[in-house]
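In the working numbering, the protein residues as written are 79 to 242.
Even glycine gets a Cβ: it sits at the ideal position worked out from N, Cα and C.
The structure presented is a predicted model; accordingly, all values stated were derived computationally and were not measured.
Right under this line is the structure:
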């Protein structure tokens, strides 16, 4: 799947993106959570990570071993998990990406599904689109009157009644 022009299915676009990525979406989620936890606690353990991501410890161990083999985390069997310098750099980007998308969805007024939607979007958004969302977030934070006007406008509509 080398051709990059024209329309594709969602899976087709994901496959195009995958050709340029080493990490799977799942691996990104693990690394993001490792870095998030290590910022607060300094390290994380397999069982703790599995619980936070709602997966089995055995599944967590497999992914951690892959991240370790890629040089993104330091891990000894039954020991603590910490990101390497490279893992931390990637993890910091993943955390920033998450924050940018979550902030944007918050501005849109998404409450109930914000975390789920953030998780779904973050793995497939292009860097160019992410940067544009960041700039829009920045613009809106520096112009709170526009956010207030949007919120007032949005209140006139019941999102559940919108037909697309």
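Cα-Cα separation, residue 211 to residue 101: 23 Å
Whole runs of the beta strand (DSSP E) within the segment 149-226, excluding any shorter than 3 residues: 151-153 and 158-161
Beta-carbon proximity check, residue 150 vs residue 129, cutoff 8 Å: no
Residue 180 versus residue 155 - alpha carbon distance: 34 Å
Per-residue burial, residue 106 [other beta carbons within 10 Å of its own, 16 or more giving buried]: buried
Beta-bridge pairing of residue 123 - partner residues as DSSP gives them: 158
Residue 161, buried or exposed, once every other Cβ within 10 Å from all chains shown has been counted against 16: buried
Nearest neighbour of residue 124, chosen from 114, 185, 141 and 110 [CA to CA]: 141
Cβ pair residue 112, residue 184 closer than 8 Å: no
Limits of the alpha helix (DSSP H) - the one that residue 142 falls within: 135-147
Check whether residue 176 and residue 110 have beta carbons under 8 Å apart: yes
Straight-line gap, residue 79 to residue 227 (C-alpha atoms, nearest Å): With a pLDDT of 48 at residue 79, under the threshold of 50, the predicted position of this residue should be treated as unreliable, though the coordinate-derived value follows. C-alpha separation (whole angstroms): 44 Å.
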